[in-house]
Amino acid sequence: MAKVQSTSWSWRHAIISSGLEPTTRHVLLTISCFMNDLGGGCYPTTKQLEQATGLSERSVCTHIARAESAGWLTVTKHGLAGRKWKNHEYEARWPDAEGTEARSVPQPNEALKDVQCLTPRRTERRSNEALKDVQSNSPYTTPIERERARDGFDQALKRWPVVDSPKTALKAWNSLSLSDRIEGANEIERFVAVNRSAGRKLICSFAKYLGERMWKALPERTQPRAPVPDKPAGPSPFERKNPKWNHKPGVTP
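Just so we're aligned, residue 2 is where the sequence shown starts under our numbering, counting upward by one.
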């Protein structure tokens, strides 16, 4: 008797062959690790998915919403009355043909048939799009790394004291090398403090700060000096009057 393939296994392989964004596929495959072989509901928290994917919680929620909208996932909330918190249940789904409503997870043999019936033309077209997505101008080579880079930009932008155009600032951010991004983000507070201590009330835009690498003009950080050992104490008045008591420890006068 032939062994029936598990639904969760078939769902994973359908996700891999789908036209979803690479990062969305990564989130779905991570969720599948919390499911049983039947692809039934699972209850990982967004914090757990954040740790498992290496993405930010915001990115996890964004790609879960995209997967749900595309018909690959069902998300339902469960909670007790009067409680503020709610559990999210995630169930595998299979999108029907374009223009129709997504359907619930099928039996394993049907799921496997769906995987095998994906047309090469669709897969090739989507693969080319994914390859184009990877070969971008960004120094990051994978969608997950680019997502993390965007998280770093968002965090740096929040710390900038002046409201700026995110689109313009992001363009300047993407033009920098990884080391410049890290250095520029680390110097934000010092750049603002130095300018304000000089009496400047207006701070430039974040895009200008990044584009002109203005942190490079900051004075070098003062290096902490090594502590100077205290000089040994001289003889006390008593020891000066009584030289026989002015001796080194352990030496008999």
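Glycine included, C-beta positions come from ideal geometry on N, C-alpha and C.
Closest in C-alpha terms to A15, from the list N37, V193, R94, comes R94. Spanning the alpha carbons of I183 and P236 requires a straight line of approximately 55 Å.
With a cut-off of 8 Å on Cβ pairs, the stretch 53-63 is in contact with the stretch 25-40, counting three or more such pairs. A direct Cα-to-Cα measurement between R214 and S19 gives close to 41 Å. Between V195 and K202, the alpha-carbon positions lie close to 11 Å from each other. L74 sits in a strand when the DSSP states are folded into three classes.
Residue pairing of E90 in beta bridges, as defined by DSSP: T77. CA-CA distance, K48 to G200, rounds to 43 Å. H89 is not a Cβ neighbour of T24, given a cutoff of 7 Å. Taking E188 as reference, the option from K168, I204, S178, K217 with the minimal CA-CA separation is K217. With respect to P162, V193 sits close: the two C-beta atoms are nearer than 7 Å. If you ignore the 5 residues before and after A208, its C-beta comes within less than 8 Å of the C-beta of D165, S166, T169, A170, K172, A173, all in its own chain and listed in chain order. Using a 10 angstroms sphere on the CB of H79, the tally of other CB atoms stays under 16, which defines it as exposed.
Nearest Cα to L74 within the set G153, R160, L30, T46: L30. Of the candidates T46, L39, C43, E22, E22 places its Cα closest to the Cα of A71. Here DSSP, grouped into helix, strand and coil, assigns W10 to helix. For T25, the enclosing alpha helix (DSSP H) covers residues 23-33. Take the alpha-carbon of I204 and the one of S180: they are about 23 Å apart. Taken through DSSP and simplified to helix, strand or coil, C43 comes out as strand. A distance below 7 Å separates the beta carbons of T8 and L39. For S60 and P96, the gap between their C-alpha atoms comes out near 22 Å. Under the DSSP assignment, R197 falls in the alpha helix (DSSP H) whose first and last residues are 189-198. Using a 10 angstroms sphere on the CB of R26, the tally of other CB atoms reaches 16 or more, which defines it as buried.
Taking G212 as the centre and dropping the five residues before and after it, the same chain places the C-beta of A173, S176 closer than 8 Å to its C-beta, in chain order. For P167, the enclosing alpha helix (DSSP H) begins and ends at 167-175.
Counting every other CB atom within 10 Å of its CB across the protein chains shown gives Y210 a total of 16 or more, marking it as buried.
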